[in-house]
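Just below is one structure, and these are the notes that go with it.
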Amino acid sequence: MGLSLAAAVTLTLLACEGGSGGGGAMPFAPASGNASAPSESAPSEPPPGDTPTYKVTGSLSGLATGESVTLLANGQPVVMSQNGTFQVASGLAAGATYAVTVGTRPRTQACVVTDGTGVIGASNVSNVSVACAIRPQFAYVANKSDNNISAYRIDVATGALTAIPGSPFATGTSPASVAVNAAGTFAYVANWHSSSVSGYRIDADTGALTAIPGSPFAAGIAPYSVTVNPAGTFAYVVHRNGLISAYRIDATTGALTAVTGSPFATGAVPVSVTVNPAGTFAYVANSGSNNVSAYRIDAATGALTAITGSPFLAGNQPHSITVNPAGTFAYVANWSNAISVYRIDADTGALTAIADSPFFTIGLPNSIAVNPAGTFAYLANQFGYILAYRIDAATGALAAITGSPLLAGNQPNAITVNPTGNFAYATDQADNTVLAYRIDAATGALTPLTGSPFSTGREPLSITVAQP
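Note that this note's numbering has the sequence shown beginning at 274, numbered continuously upward.
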């Protein structure tokens, strides 16, 4: 981030069909950034009789450490992983057009190109600029007793929550769970006592929610937990009467359509559902049968097929399940004051308890979340504590972080970590608040934010964060 604009930038060429010869493909190269480099304004001296050619260069700023952005120069991709100067085209004759756009944006940032299009004149082009910045983040809380969703803008620097205009937004009766798609464009709410799922479009600038056409969508009895697969193509809802519904998501409208064969059987009283990062397996925590149901997801239809060996034994009354970002381990919070940890078979999706599992904890653990880097896990229990753990990358084992457990309000019920991994948020069901913490990147320790706790509606049962 502190590099000068003359610093060299790492570029990775992506293979293009047709090779390097012919076809009019533009060659790409990093700017040299040294004193012997050709002038930005003067073309290379051509051999006698040759037409002068020119190049297009620019500068990248604001790219976060560890992120990358793919630029498209007349459709040709260049991956950049540092701030600094870049060259995206050369060998262009006067009168040729150029267009530099963003192909794949960074995971947590938006990038804007300035002066990215034009026509080559009689000199090199050097004024293209690309500026990246953290995309807005919004938090959504399902308030069971108020039948609504509280929505907040997250200050990306401090983590503080500010209610957005229009909040709270109406839901069905007794909203128990809220989830957003990975793109941050749609939100879905499981309405426990009105047997429906509410769907909303998320305004990328303000975070406001607008009911999508057809919402609310019919669901089975007592829908209690909802999740969306990573591709944003399917949504899954568990019902406390022992079923899981599967829906296809319309990519344009966000509308839900039941998948053929839905609903599918689970164990008794399912209360939590998650999908692995690859979108190939789904897992359900069954609080009434003390186990985890596991399914293979049909990539084309979204239908679920029970995995061989399913259900897998858990502790007593498992209430929350999550999978780490690598898709290698699953974590289950059990009301028997224990966390069950499983290794996930990459081919079959089967769960195998790791050595030393379960890991014992305190006070009715109700919700567990893993940070985006997969290095730390956070547990909300209903006796007024949040617990923090370091995750062993090789084994999945949990080790308590110094300072854990942390006193946390009266009855923390649900916990989540924001997409950039620097803040954690937990709902307090008894105090009607959101508890907010800064996460130490090195140790995983939690520090309460200034202004925390933040007010919500009554009985906040679920929280999630979107980054459109």
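For glycine and all other residues, C-beta sits at the position ideal for the given N, C-alpha and C.
Cβ neighbour criterion (16 or more within 10 Å) applied to residue 486: In the sequence shown, the residue the question calls residue 486 occupies position 213. By the neighbour-count criterion, in which a residue is buried when 16 or more other Cβ atoms sit within 10 angstroms of its Cβ, residue 486 is exposed.
Quick one: any contact between the region 677-693 and the region 647-657, if contact means 3 or more CB pairs under 8 Å? The region 647-657 and the region 677-693 touch, with three or more beta-carbon pairs separated by less than 8 Å.
What do you reckon, are the CB atoms on residue 424 and residue 381 nearer than 9 Å? By one-based count along the sequence shown, residue 424 stands at place 151. By one-based count along the sequence shown, residue 381 stands at place 108. No, the pair does not count as a contact, with Cβ atoms beyond the cut-off.
Out of 726, 702, 705, 703, point me to the one whose CA is closest to residue 711's CA. What you label residue 711 is simply residue 438 of the sequence shown in a count that begins at 1. For the options 726, 702, 705, 703, the alpha carbon positioned closest to that of residue 711 is the one of 726.
Run through DSSP, which three-state label would residue 557 get? Counting from one through the sequence shown, the residue named residue 557 turns up at place 284. Correct three-state label for residue 557: strand.
Quickly, what does DSSP pair residue 512 with across the bridge? List them, please. Residue 512 sits at position 239 when you count from the first residue of the sequence shown. According to DSSP, residue 512 bridges with 496, 516.
Suppose the cutoff is 7 Å on Cβ atoms and the five residues either side in sequence are ignored; what does the same chain contact list for residue 718 look like? Along the sequence shown, one-based indexing puts residue 718 at 445. Excluding sequence neighbours, residue 718 sits near 661, 674, 675, 676.
Quick check: the region 364-372 against the region 420-438, are there 3 or more CB pairs under 8 Å? At 8 Å Cβ cutoff, the stretches do not touch.
Are there three or more Cβ pairs, one per stretch, closer than 8 Å when the region 578-587 is compared with the region 632-652? No, because fewer than three Cβ pairs between the region 578-587 and the region 632-652 fall closer than 8 Å, the two stretches do not touch.
Determine, using beta carbons only, whether residue 386 and residue 401 come nearer to each other than 9 Å. The residue given as residue 386 occupies position 113 in the sequence shown. The residue given as residue 401 occupies position 128 in the sequence shown. Yes, the Cβ-Cβ distance between residue 386 and residue 401 is below 9 Å.
Put residue 355 into one of helix, strand or coil per three-state DSSP. The sequence position of residue 355 within the sequence shown is 82, counting from 1. Coil at residue 355, not helix or strand.
What is the DSSP secondary structure of residue 378, counted as helix, strand or coil? The residue you call residue 378 lines up with position 105 of the sequence shown. In the three-state reduction of the DSSP assignment, residue 378 falls in the coil class, being assigned neither a helical nor a strand state.
Cβ of residue 431 versus every heavy atom of the ligand ADP: is any distance shorter than 8 Å? This structure does not include the ligand ADP; it has no bound ligands of any sort.
Keeping to the same chain, check which residues put their C-beta closer than 7 Å to that of residue 426; ignore five residues upstream and five downstream. Taking the first residue of the sequence shown as 1, we reach residue 426 at position 153. Apart from the 5 residues on each side of it in sequence, residue 426 sits with its Cβ closer than 7 Å to the Cβ of 409, 411, 435, 437, 480 in its chain, given in chain order.
Between residue 477 and residue 349, what straight-line distance do the alpha-carbon atoms span, to the nearest angstrom? If you number the sequence shown from 1, residue 477 lands on position 204. If you number the sequence shown from 1, residue 349 lands on position 76. Between residue 477 and residue 349, the C-alpha separation is close to 28 Å.
Can you tell me which of the three DSSP states residue 341 falls into? Counted from its first residue, the sequence shown places residue 341 at position 68. Residue state, collapsed to three classes: coil.
So what's residue 239 in DSSP terms, helix, strand or just coil? One cannot answer for residue 239 here, as it falls past the ends of the chain, which runs 274 to 741.
What's the gap between the Cα of residue 696 and the Cα of residue 364? In the sequence shown, counting from the first residue as 1, residue 696 sits at position 423. In the sequence shown, counting from the first residue as 1, residue 364 sits at position 91. Inter-residue distance for residue 696 and residue 364 is about 47 Å (C-alpha atoms, whole angstroms).
Start-to-end residues for the beta strand (DSSP E) that takes in residue 592: Taking the first residue of the sequence shown as position 1, residue 592 is located at position 319. In the DSSP annotation of this structure, the continuous segment of the beta strand (DSSP E) that includes residue 592 starts and ends at 591-596.
State whether the region 531-545 contacts the region 487-505, with contact taken as three or more CB pairs (one from each stretch) at a distance under 8 Å. These segments touch.
Rounded to the nearest angstrom, what separates residue 731 and residue 416 at their Cα positions? In the sequence shown, the residue the question calls residue 731 occupies position 458. In the sequence shown, the residue the question calls residue 416 occupies position 143. In a straight line, the C-alpha of residue 731 is about 6 Å away from that of residue 416.
Can you give me the C-alpha to C-alpha distance between residue 616 and residue 585, rounded to a whole angstrom? Here residue 616 refers to the residue found at position 343 when the sequence shown is read from its first residue. Here residue 585 refers to the residue found at position 312 when the sequence shown is read from its first residue. Note on geometry: alpha-carbon atoms of residue 616 and residue 585 lie some 12 Å from one another.
Report the option in 468, 464, 451, 465 whose CA atom is closest to the CA atom of residue 475. Here residue 475 corresponds to residue number 202 of the sequence shown, with the count starting at 1. Per the Cα distances, 451.
Answer with buried or exposed for residue 722, where buried requires no fewer than 16 other C-beta atoms within 10 angstroms of its C-beta. To locate residue 722, count along the sequence shown from 1; it is residue 449. By the neighbour-count criterion, in which a residue is buried when 16 or more other Cβ atoms sit within 10 angstroms of its Cβ, residue 722 is buried.
Can you name the start and end residues of the beta strand (DSSP E) that residue 701 belongs to? Within the sequence shown, numbered from 1, the residue matching residue 701 stands at position 428. Element bounds for residue 701: 696-701.
With a cut-off of 8 Å on the beta carbons, I'd call residue 683 and residue 638 a contact; round off their distance for me. In the sequence shown, counting from the first residue as 1, residue 683 sits at position 410. In the sequence shown, counting from the first residue as 1, residue 638 sits at position 365. Contact between residue 683 and residue 638 does not hold, since the beta-carbon distance rounds to 16 Å and is not under 8 Å.
Grouping DSSP H, G and I as helix and E and B as strand, with all else coil, what is residue 740? The residue labelled residue 740 in the question sits at position 467 within the sequence shown. Residue state, collapsed to three classes: coil.
Mind checking residue 392: buried by the 16 CB within 10 Å criterion, or exposed? Position 119 of the sequence shown holds residue 392. By the neighbour-count rule (16 or more Cβ atoms within 10 Å), residue 392 is not buried but exposed.
Measure how close the beta-carbons of residue 390 and residue 372 come, nearest whole angstrom, since I'm counting them as under 8 Å. Working through the sequence shown from its first residue, we reach residue 390 at position 117. Working through the sequence shown from its first residue, we reach residue 372 at position 99. Taking C-beta atoms under 8 Å as the contact rule, residue 390 and residue 372 qualify, at a distance of about 5 Å.
Assuming residue 597 and residue 664 form a contact by the criterion Cβ under 8 Å, report the distance between their Cβ atoms to the nearest whole angstrom. Numbered from its first residue, the sequence shown carries residue 597 at position 324. Numbered from its first residue, the sequence shown carries residue 664 at position 391. The pair is a contact, with the Cβ atoms about 7 Å apart (cut-off 8 Å).
Cut-off 6 Å between Cβ atoms - residues of its own chain near residue 630, not counting five sequence neighbours on either side: The residue given as residue 630 occupies position 357 in the sequence shown. Within the same chain, 613, 614 come within 6 Å of residue 630 by CB-CB distance, once the 5 residues on both sides are set aside.
Determine, using beta carbons only, whether residue 516 and residue 472 come nearer to each other than 9 Å. By 1-based counting over the sequence shown, the position of residue 516 is 243. By 1-based counting over the sequence shown, the position of residue 472 is 199. For residue 516 and residue 472, no; Cβs fall outside 9 Å.
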